[in-house]
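Numbering (this note's numbering), first residue to last: 11 to 282. Ideal Cβ placement from N, Cα and C applies to all residues, glycine included. As C-alpha cells, the structure follows; a few thoughts come after it.
What follows is the structure in C-alpha cells.
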C-alpha cells in the first residue's frame, strides 16, 4: 500500500527470510564464518542457535546461496515429521531417488550417494531449521547419520538451527553422545542499538532507488530509540514495527517517522 508513496522497489520490512536483505552485523558475520567453516572443513555436526526472530533462517538461506556447486544441499524447514518421514525428506531434498521403505535401506541409499559425491570431489550438507522441535529419537538419528564417514572425513555435514531450547535439549542425558559430537557452535543474540540503526538504514537503502531524495524516509533519533526499546533489538520485531510505522506515515502523508508514530504502532502490534 505504501510502496508507491515512498517509491520503494519492494517492501523493506517484510518478515520473510529474504537473503537479498541479509544484514551482516558482527554476530551474523561471525555466525556465517562458523557455518561456512564447519561445512567446508567437513566438521560433521554444527549448531546455530538464537532467539525467535534473530535472523537464523535468513542466515542459512544466505549461506546456501553463496556455497559453490561442489556442495550439495538440503534444507528442512519444518522437522515435525516422524523419524522415517524426516529421513525420506532428506533423501528427496538431496535428489536421491530410491524405492527404499525401511530406515536401514534409506540410510544405505544415502551412504551410497555420499560416497559417490565424495569420490567426485563434492560435499553434502543438510540444514535442519527449527531443530528445537526435533524429538529425542530424531536427534539420535542425526547422530547416527553423522557416523557416515571415511577414515579421513565426514561424508555428511548436518547443521542444526534452532531456538535456545535446542541448547537445553542437547544437554539431556540421552543425547550426551550427540552433544559431544557437535564440532562447531554459535549463538546469535539480538542487535545492539547502533546495529539496529544500521539494520534499518540497510533495509531502506535496499528497497529505495539511491538518488530518490524526494521520497526519502527518515526515522528520528527518538523513534529509533523507541523501536529498540520495544523490539529489544530483535530483527523480526524491528521489521514488524517499522512496517506498521511506514503504513502510519503513509496515512499521515509524511516522510518523517517520529516517536509518537512508533508508540502508537507498538500498541497496535500488541507490544504495549
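Item, Value
"Residue environment, residue 151, which counts as buried when at least 16 other CB atoms sit within 10 Å", "buried"
"Residue 20 versus residue 175: straight-line alpha-carbon distance, rounded", "34 Å"
"Within the stretch 177-219, ranges of the beta strand (DSSP E) (whole runs, at least 3 residues)", "192-198"
"Bridge partner(s) assigned by DSSP for residue 278", "Paired residues: none, contrary to the question."
"Proximity below 9 Å, CB of residue 210 to CB of residue 250", "no"
"Distance, residue 135 Cα to residue 205 Cα", "30 Å"
"Short Cβ contact (9 Å threshold) for residue 173 with residue 62", "yes"
"For residue 48: DSSP bridge partner residues", "Per DSSP, none; premise fails for residue 48."
"Nearest-angstrom Cα separation, counted from residue 243 out to residue 180", "27 Å"
"Burial state of residue 267 (16 or more Cβ within 10 Å)", "buried"
"Residue 269 Cβ short of 8 Å to the ligand NAP heavy atom set", "The ligand NAP is not part of the structure shown, which contains no ligands of any sort."
"Identity of the residues DSSP links to residue 229 by a beta bridge", "267"
"Buried or exposed by the 16-neighbour rule on C-beta atoms within 10 Å, applied to residue 114", "exposed"
"Nearest residue (CA-CA) to residue 184, options 148, 36, 163", "148"
"Residue 258, DSSP secondary structure in three states", "helix"
"Residue 25 (DSSP reduced to helix, strand or coil)", "coil"
"Spatial distance of residue 122 from residue 32 (CA atoms)", "36 Å"
"Inter-residue Cα distance where the pair is residue 259 and residue 231", "16 Å"
"Nearest neighbour of residue 138, chosen from 186, 74, 119 [CA to CA]", "74"
"In DSSP terms, what residue 159 is bridged to", "164"
"Three-state secondary structure (DSSP) of residue 66", "helix"
"Cβ-Cβ distance between residue 64 and residue 213 below 9 Å", "no"
"Residue burial classification, residue 80 (beta-carbon count within 10 angstroms, cutoff 16)", "exposed"
"DSSP bridge partner residues for residue 55 (one or two, in chain order)", "168, 192"
"Under the three-state DSSP convention, the category residue 117 falls into", "helix"
"Beta-carbon proximity check, residue 69 vs residue 49, cutoff 9 Å", "no"
"Sheet register partners of residue 72 (DSSP bridge)", "Per DSSP, none; premise fails for residue 72."
"DSSP three-state assignment for residue 145, whether helix, strand or coil", "coil"
"The stretch 152-159 touching the stretch 101-110, judged by at least three CB pairs closer than 8 Å", "no"
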